[in-house]
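Reviewing the structure listed below.
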Amino acid sequence: MRSRQLVLIGLMFVGFISLGLPDGLLGVAWPSIAATQEVGLGALGYLLAAASVGFLTVSMLSGRILARLGVGVLLAVSCLVTALSLLGLALAPAFWMLLPMAMLLGAGGGAIDAGLNTYAAAATSPRVLAWLHACYGLGAAAGPFLMTGLLVRDQPWQIGYLLVGGGQLVLALAFFLSRQRWVADGPVTHAHAVRSPVALRTTAKLPTVWLSILVFALYTGLEVSVGQWTYTLFSVGRGFDPASSGQWVGFYWAGLTLGRVVAGIVAGRFSQTTLLWAGSLGATVGAGLIGLLAVPWAGLMGMLLMGFALAPIFPALIATTAQRVGSVHSANTIGFQIAAANLGAALLPWGIGLAAGRYGVALIGPLIVGAALIYLVVFGVMMRSGGGERPVETSVG
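Counted the way the numbering used here counts, the sequence shown spans residues 11 to 407.
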């Protein structure tokens, strides 16, 4: 592997770590932010909604933006926008000013996510893709440690955002200085896939694209729902030890990160289709252990199994996008998929929360099982409709 390609892969790893950091910061910082801005804890929903709007908008348009700017310039601009939004969040004197900053943060994150995924799917291996998504887990885990370390030392929460924002400025400069390498390093077919997408409406006419969109929404909704709601299910709904319940959730996220590292190691030995089916079936079994057996050992085993089984699915789905829809539709479809993932991560946990609030937290378990089964069915339909075959290419014109 050439040294210049290693440089780009290293930048991609750092880019994915940077994607996870802000997500990790917010959960720990929010009570302090709410106190500083004199708003209730429920106001977090407004920030998340604003970030989702920015993320979804840019993700949906990422294919067209990539065609105009190229990967290197897009990543540089996106990191600059993300850096400015993080600095703005730290310095904003009023809560309403946080909302446009959150929207910009979501837009920058959506562009980085879609840009890196599109380039990695076209110009690197499934192993690299799996490790990229493991890097996101590292960033998401590092954010809480950073913010907690500051708060226990009586430092203001703003310092955490200033530090991460400063790091994003450095990363933006690195992407800008390497912008020509992102074009020169890929073969002609890769450059075509990244820089020459067809019209969005043409891609949207493919049935497999819509199945992929639904699969991504269901997958991320399931992943986030397990992380958000199982502690409540175990500790409140079933009366398990709260400390153990919290540790099991930690094991789940650790399993997700570790599983992606392992998926990268074994990527050359097993096909992506095999990893996808193994992960999907394993996650469904794990959901059954969590949701249907109200005993501690089943909860622990289910969390470990679900984290490890879900791990290879997202990167493998990204890696096989061109096989499902054709290389000329790949950039547009990845943008659609990233947007759907963001939407699913918001809507499914929200729906489970509403149902649990109305009918009791014991319902969380069966709802997780139901979500896993629906995901498995839709995933199977997608794979039968073209998940393992490369469609005939559509000309760009």
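In this text, a Cβ means the ideal position worked out from N, Cα and C, and glycines have one as well.
Give a yes or no on whether 8 Å exceeds the smallest Cβ distance from G64 to chain D. Chain labels in this structure do not include chain D; a single protein chain is all it has.
Report back the beta-carbon spacing between P450 and G269 to the nearest angstrom; my notes put them in contact at under 8 Å. This structure does not reach residue 450, given that the chain is present from 11 up to 407, and the question cannot be answered.
Three-state class that DSSP yields for L179 in the structure shown: Three-state result, L179: helix.
For G249, count neighbouring C-beta atoms within 10 Å of its own C-beta (all shown protein chains included) and say buried if the count is 16 or more, exposed if not. With fewer than 16 other beta carbons inside 10 angstroms of its own, G249 counts as exposed.
Quick check: L85 and V174, are their CB atoms within less than 8 Å of each other? No, these two residues do not count as a Cβ contact at 8 Å.
Since I300 and T240 are thought to touch, with beta carbons under 8 Å apart, how far apart are those beta carbons, to the nearest angstrom? That belief holds up - the Cβ atoms of I300 and T240 are roughly 6 Å apart, short of 8 Å.
Excluding the five sequence neighbours on either side, which residues of its own chain have a C-beta within less than 8 Å of the C-beta of A355, listed in chain order? Same-chain partners within the cutoff: T230, G231, E233 and V234.
Quick check on T134: does DSSP put it in helix, strand or coil? Three-state result, T134: coil.
Within 10 Å of its beta-carbon, does F389 have 16 or more other beta-carbons around it, so buried, or fewer, so exposed? A residue is called buried when at least 16 other Cβ atoms come within 10 angstroms of its Cβ; F389 meets this threshold and is buried.
Does V204 come out as helix, strand or coil in the three-state DSSP assignment? Any reading at V204 is ruled out, since the residue's pLDDT is 48, under 50, leaving its predicted position unreliable.
Given that a residue counts as buried once 16 or more other Cβ atoms are within 10 Å of its Cβ, and exposed if not, what is D123? Per the 10 Å Cβ criterion, buried.
A44 beta carbon less than 8 Å from that of L115: Contact flag unset, no.
Let me know if I27 comes out buried or exposed under the rule of 16 or more other beta-carbons within 10 Å of its beta-carbon. Buried, because 16 or more other Cβ atoms sit within 10 Å of the Cβ of I27.
CB M157 to CB G149, shorter than 8 Å? Cβ atoms of M157 and G149: not closer than 8 Å.
Just to confirm, are L142 and A329 a CB contact at a threshold of 8 Å? Not in contact: L142 and A329 (Cβ atoms no closer than 8 Å).
With a threshold of 7 Å on Cβ separation, who are the neighbours of V24 within its own chain once the five nearest residues in sequence on each side are excluded? Around V24, the same chain offers L181 as residues with beta carbons nearer than 7 Å, after the five sequence neighbours per side are excluded.
Can you give me the C-alpha to C-alpha distance between L179 and V83, rounded to a whole angstrom? Cα atoms of L179 and V83: separation of roughly 14 Å, rounded to the nearest angstrom.
As a quick exercise: from L216, L21, M113 and V17, pick the residue whose alpha carbon is nearest that of N342. For N342, the nearest C-alpha among the options comes from L216.
Roughly how many angstroms lie between the CA atoms of T67 and W360, to the nearest whole one? Distance between the alpha carbons of T67 and W360 is about 20 Å.
Local conformation of S255 per DSSP, three classes: Looking at S255 - three-state DSSP - the assignment turns out to be helix.
Using the three-state DSSP reduction, which class does V272 fall into: helix, strand or coil? Residue state for V272 is assigned as helix, using DSSP reduced to three classes.
Less than 7 Å between C-beta atoms, sequence neighbours within five positions excluded: which residues of the same chain meet that for A365? For A365, where only same-chain residues beyond five positions count, the Cβ hits under 7 Å are L373 and L377.
Label T284 either buried or exposed according to how many other C-beta atoms from any shown protein chain fall within 10 Å of its C-beta, with 16 as the threshold for buried. T284 is classed as exposed because its beta carbon has fewer than 16 other beta carbons within 10 Å across all chains shown.
Since A297 and A382 are thought to touch, with beta carbons under 8 Å apart, how far apart are those beta carbons, to the nearest angstrom? With 8 Å as the limit, A297 and A382 qualify as a contact, their Cβ atoms being about 4 Å apart.
Would you decide whether F155 is buried or exposed? Buried here means 16 or more other CB atoms lie within 10 Å of its CB. That one is exposed.
With a threshold of 7 Å on Cβ separation, who are the neighbours of G30 within its own chain once the five nearest residues in sequence on each side are excluded? Once the five neighbours on either side are set aside, the close Cβ partners of G30 are Y146, G147, L148, G149, A150 and G153.
Residue from G176, I75 and L101 whose Cα sits closest to the Cα of T46: It is L101.
Around the Cβ of Y369, are there at least 16 other Cβ atoms within 10 angstroms (buried) or fewer (exposed)? So Y369 counts as exposed.
How many angstroms separate the CA atom of A93 from the CA atom of D33? Taking the straight line joining both Cα atoms gives about 14 Å.
Span separating the alpha-carbon of G367 from that of A77: Between the alpha carbons of G367 and A77 lies a distance of about 45 Å.
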